[in-house]
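Q:
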Amino acid sequence: MAAEAAESRPGAGLAARGVGKRFRLRGGFVDALAGLDLAAPRGSFTALVGRSGCGKSTLLRLFAGLEAPTAGELAIHGRPVDAVRREHRIGVAFQDPALLPWRSADANVRLAFEVAGREAAAGAVERLIRLVGLEGFERAKPSQLSGGMRQRIALARALAVEPEVLLLDEPFGALDDLTRLRLNLELQRIWMDRAPTTLLVTHSVAEAVFLADRVVVLSPPPLRRTTVVEVPLPRPRERAALRSPDFHRLCDHLTELLFEDAGADGPPPHA
Amino acid sequence: MPEAPARWPAARSWLPLAGGLVALLALWWLAAGLLRAQRVVPTPLAVLGQLIADRASYVANGATTLREAAVGFLVGNAAAVLLGALFVQFPLAERILLRVAVAAYCIPLVTLGPILVVVLPGDGPKVALAALAVFFTTLLGTLQGLRSANPAALDVVRALGGGEARAFLQVRVPSALPSLGAALRIAAPAALLGAVIGEYFGASQGLGVALVQAQSSFEVARTWGLAAVLALLAGLLYALAAALTRVLVPWAGRDDVAVAWAEPPARAASGWGRLGRTAAFPALSLAVGIGGWYLLLRAFRLSDYFAKTPLDVWHYLVSDPAAAANRAELAAALRITCLDAGLGYGFGTLGAVLAALAMAAWPPLERAFLPGALAVRSVPMVALAPLVALVFGRGLVGVTVIVSAVVFFPTLVYVLAGLRDAPRAAGEVVAAGGGSRLMVIRKVRAWYSLPSLFTSARNAVPAALGGAILAEWLSTGRGAGNLLVVAYSESQFDTLWSGSVVLIGLSLACYGALGALERAVAARLGTGATR
């Protein structure tokens, strides 16, 4: 399986060392991140959870090369982020699907190929649209699609050029539970098949536990604690896994961490 | 929510327009009857008769003027779009050069016209004035449009490894088309007006020339006929621009469009103090302006009898023994002009906003009366002024009416576009909650249209000052407009240039104040964090 073949060296996938991000405001400045460390192996699936204001979206943006850190450094697969970005090896999907309203759905997916300067293989775009379950909607304009459908097109676009690293910021936020679960299963299947190093920012603890190898909990300032919870559940994870006691224990543990009530309750439960 | 015109059966879409025209004609006939003694308002029938009699000359003159307007339209818009693109990609250039562009836009016609005639051969002055008429509004529209691109879409392109050029061409440019369309709708009739005014400064053929001749010979029916033809042409050009926009930009107003402000977001102070940064860029703009001034004087070898240098202006205003008296004279005149412009701007904007709200609430109104507003705007003030003076007098009211008319139409177009571009979802929330169409406007669309209001204000404030100057020249005989015209006719070029410089400075100050106000409102409302 892809997970086993992945480089197990921590930090070979996503690495952040002493990362800080300071934003200037009118009155002064705010540190969205300070002294943050993160290490994820290549080909792994990492979920990022935390309360609002903890900086998880900022961290994702730093890994996408959209912002530069004001302190510390980041690396993807051992290389500087900007180099990886310029080689079109990053796939992103944000909360805002950000489809171009003047392009049809398939043209929006094709944008990824155009930016990468590559020809889409015959039928590649159609396959991607079928992958996210929107067969028949290729020629639809974004204004004719629901929010969830737009988000699925955005996901197809993110996967189009088979990126080495996948950065997702709450891409399933606007979807109903059924579609969300369906897409989670799809994402897992794709990830097991192609093994991009994946970072998923999510508000849903269940989604994080279902998809990820490890869940990183960020707490907002002034605490700024980074807690890593391993998710040793076996793969592939089917819907039945959602009912297992281990799954529930992990979810409960993470929920407690998020509420910061219990703090240290001992080591996380093992499978 | 506005229904797309295409969904209306053809008859219903023509009815409001016909209704508006009929109303206009009725008003005209009434005025002709009421003012019969003064003989300034001929009946529509008389005008029509004269038109038919003159039809041959209309074709020749019309072709000339349209050609000049077309070339000016192309040149002015091309320059504006290119400069706008430059400013968006290089905000530093904008901070220095935008002020210079505003200053150029604010040069009083009285000063500019004669220079253009001396400097440019043949059709040059008319094309230049037509280009200048469109340049500024298209520049602002381009800036607003390019900055309205969805920041998330730009991020996606960048994260996918796309460069600046790709992000610009594939995201910013298509996003800019709705705003550019609104600007071009205003520019089309404005170019025509610019060409006509250019002909006033000296030409052998054209509708403007015919208008001057008809007016000076007191041929009232012919004057009105020419004005009507100009209005009709302006309307056709506007319709053409509007149709073009609809074809190119069918997606406007339906999706979630990030509202953006024409100014780049204010960067918080860092490094050296805020005061240093605030003062540095205006100083740089001033340097560029003065440098350009000297350069143009040198390049075109303008005689120093009538073309003054910055140093001459400094002498006149500061170092000359009579400087204090000069300044006092200018100040007194400017006080009057500010009042004239301010009142006209206030009423014109208020009227435009109310009209836009009404038209947004009830689309048939737009189809009925927008052409009328366009007509009023497109007739040169020189033709309108006598009528206004007759009806409203040569005092404050008359000037206010003229300036309001100048401000009304562009503001109306901008605010309408702004109201239309509000994201549909936001309005639907209110509508689904049982809100009436008016409530949707009040609570949602009006706020989303605020950026458009500010963009139109930046355009309208210099226009109001220019309109006030013109009205004072033609009608009231007071204020800075009168001062400048008298200076020109008495060859007192020091006064002419110094007065123009102070006027430009005033316009720039207003423009800067508007910018500060816009930033404050943007920060307060939080609509649209642009990148």
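Sequences listed follow chains A and B, in order.
Residue numbering for the first sequence follows my numbering, beginning at 1 and increasing consecutively.
Residue numbering for the second sequence follows my numbering, beginning at 272 and increasing consecutively.
Ideal placement from N, C-alpha and C gives every residue a C-beta, glycine not left out.
Only counting runs of 4 or more residues, tell me where the alpha helix (DSSP H) segments fall wholly within the region 463-503 of chain B, in order along the chain.
A: List check, alpha helix (DSSP H) in window: 478-487.
Q: Quick check on Arg26/A: does DSSP put it in helix, strand or coil?
A: Correct three-state label for Arg26/A: coil.
Q: When DSSP labels each residue in this structure, what does Arg429/B get in the three-state scheme?
A: The answer is helix: DSSP assigns Arg429/B an H, G or I state.
Q: Please name the residues in the region 439-468 of chain B whose beta-carbon is closer than 9 Å to at least one beta-carbon of chain A, in chain order.
A: So the close ones are Gln441, Val442, Pro445, Ser446 and Leu448.
Q: If we cut at 8 Å on Cβ distances, does Leu363/B have a partner in chain A?
A: Taking Cβ atoms only, chain A never reaches closer than 8 Å to Leu363/B, which makes this a no.
Q: Mark Ser675/B as exposed unless 16 or more other C-beta atoms lie within 10 angstroms of its C-beta, in which case mark it buried.
A: With 16 or more Cβ atoms within 10 Å of its Cβ, Ser675/B is classed as buried.
Q: Would you mind telling me which residues of chain B sit closer than 9 Å to His88/A, beta carbon to beta carbon, in chain order?
A: Here the neighbours are Leu431, Gly432 and Gly433.
Q: Residues in the same chain with beta-carbon distance under 8 Å from Asp611/B, minus the five sequence neighbours each way, listed in chain order, please.
A: If we look at Asp611/B and ignore the five residues flanking it on each side, its Cβ neighbours are Leu667, Val670, Thr671, Val674, Ala739, Ala742, Glu743, Thr747 and Gly750.
Q: Please identify, using Cβ separations under 8 Å, the residues of the region 99-122 of chain A that lie next to chain B, in order along the chain.
A: From the region 99-122 of chain A, only Leu99, Leu100, Pro101, Trp102, Leu111, Ala112, Glu114, Val115 and Ala116 have a Cβ closer than 8 Å to chain B.
Q: Is the beta carbon of Pro163/A closer than 8 Å to that of Arg150/A?
A: Their beta carbons are not under 8 Å apart, which means Arg150/A does not touch Pro163/A by this criterion.
Q: Using C-beta distances below 8 Å, list every residue in its chain close to Leu519/B, excluding the 5 sequence neighbours before and after it, in chain order.
A: If we look at Leu519/B and ignore the five residues flanking it on each side, its Cβ neighbours are Leu448 and Gly452.
Q: Is there a Cβ of chain A sitting closer than 8 Å to that of Arg418/B, yes or no?
A: So no, Arg418/B is outside the interface.
Q: Check each candidate in Ser769/B, Val398/B and Ala793/B and name the one with the smallest Cα separation from Glu339/B.
A: Closest by alpha carbon: Val398/B.
Q: Roughly how many angstroms separate the alpha carbons of Ala474/B and Pro635/B, rounded to a whole number?
A: Approximately 41 Å between the Cα atoms of the pair.
Q: Output the distance between the C-alpha atoms of Glu238/A and Gly117/A, rounded to the nearest integer angstrom.
A: Cα to Cα, the separation comes out at about 37 Å.
Q: For Tyr616/B, collect the residues of the same chain with a Cβ closer than 7 Å to its Cβ; drop the 5 residues on either side in sequence, then sort them by chain order.
A: Counting only Cβ-Cβ distances below 7 Å, and skipping sequence neighbours, we find Val674, Val678, Ala731, Val732 and Ala735.
Q: Does the beta carbon of Asp426/B sit closer than 8 Å to a beta carbon anywhere in chain A?
A: Yes, its Cβ sits closer than 8 Å to a Cβ of chain A.
Q: Ignoring anything shorter than 4 residues, give me the alpha helix (DSSP H) runs that lie fully in the region 624-696 of chain B, in order along the chain.
A: Runs of the alpha helix (DSSP H) inside the region 624-696 of chain B: 634-649, 652-663 and 667-691.
Q: Where does Pro80/A fall in DSSP's three states?
A: It is a strand residue.
Q: Exposed or buried, what is Pro222/A when buried is set at 16 or more other beta-carbons lying within 10 Å of its beta-carbon?
A: Exposed, since its Cβ has fewer than 16 Cβ neighbours within 10 Å.
Q: What residue from Asp394/B, Ala780/B and Gly562/B has the CA that sits closest to Pro581/B's CA?
A: Among Asp394/B, Ala780/B and Gly562/B, the Cα nearest to that of Pro581/B belongs to Gly562/B.
Q: Can you tell me which residues form a DSSP beta bridge with Val700/B?
A: The partner list for Val700/B (beta bridge, DSSP) is empty, contrary to what the question assumes.
Q: Determine, using beta carbons only, whether His77/A and Arg42/A come nearer to each other than 8 Å.
A: Contact: yes.
Q: If you draw a straight line from the C-alpha of Pro171/A to the C-alpha of Gln95/A, how long is it?
A: The alpha-carbon atoms of Pro171/A and Gln95/A are separated by roughly 5 Å.
Q: Could you compute how far the alpha carbon of Ala512/B sits from the alpha carbon of Glu699/B?
A: Between Ala512/B and Glu699/B, the C-alpha separation is close to 29 Å.
Q: Give, in chain order, every residue of the region 52-77 of chain A whose Cβ lies closer than 7 Å to some Cβ of chain B.
A: The region 52-77 of chain A vs chain B, Cβ under 7 Å: Ala64, Gly65 and Leu66.
Q: Does the pairing of the region 637-656 of chain B with the region 458-466 of chain B give three or more beta-carbon distances under 8 Å?
A: Output reads yes: the region 458-466 of chain B touches the region 637-656 of chain B.
Q: Distance cutoff 8 Å, beta carbons only. Does Asn730/B sit that close to anything in chain A?
A: So no, Asn730/B is outside the interface.
Q: In terms of alpha-carbon separation, which member of Asn753/B, Ala626/B and Val491/B lies closest to Gly320/B?
A: Of the listed residues, the one whose Cα sits closest to Gly320/B is Val491/B.
Q: Once you ignore the five residues that flank Ala430/B on each side, which residues in its own chain have a CB closer than 7 Å to its CB?
A: Result list for Ala430/B: empty, nothing under 7 Å.
Q: Identify, in the order they occur along the chain, each residue of the same chain with its Cβ nearer than 6 Å to the Cβ of Leu38/A, setting aside the five sequence neighbours on each side.
A: Ala16, listed in sequence order.
Q: In whole angstroms, give me the CA-to-CA distance for Val715/B and Leu218/A.
A: Each residue's alpha carbon lies about 36 Å from the other.
Q: Just the chain A side, please: which residues come within less than 7 Å of Ala423/B by C-beta, in chain order?
A: Near Ala423/B (Cβ distances below 7 Å), the residues of chain A are Phe94, Asp96 and Ala98.
Q: From Leu254/A to Val229/A, what distance separates their C-alpha atoms?
A: Spanning the two alpha carbons is a distance of roughly 8 Å.
Q: Helix, strand or coil for Leu774/B? Go by DSSP, reduced to three states.
A: Here Leu774/B sits in helix by DSSP.
Q: List, in chain order, every chain B residue whose beta-carbon is nearer than 7 Å to that of Arg85/A.
A: Simply Ala430 and Gly432.
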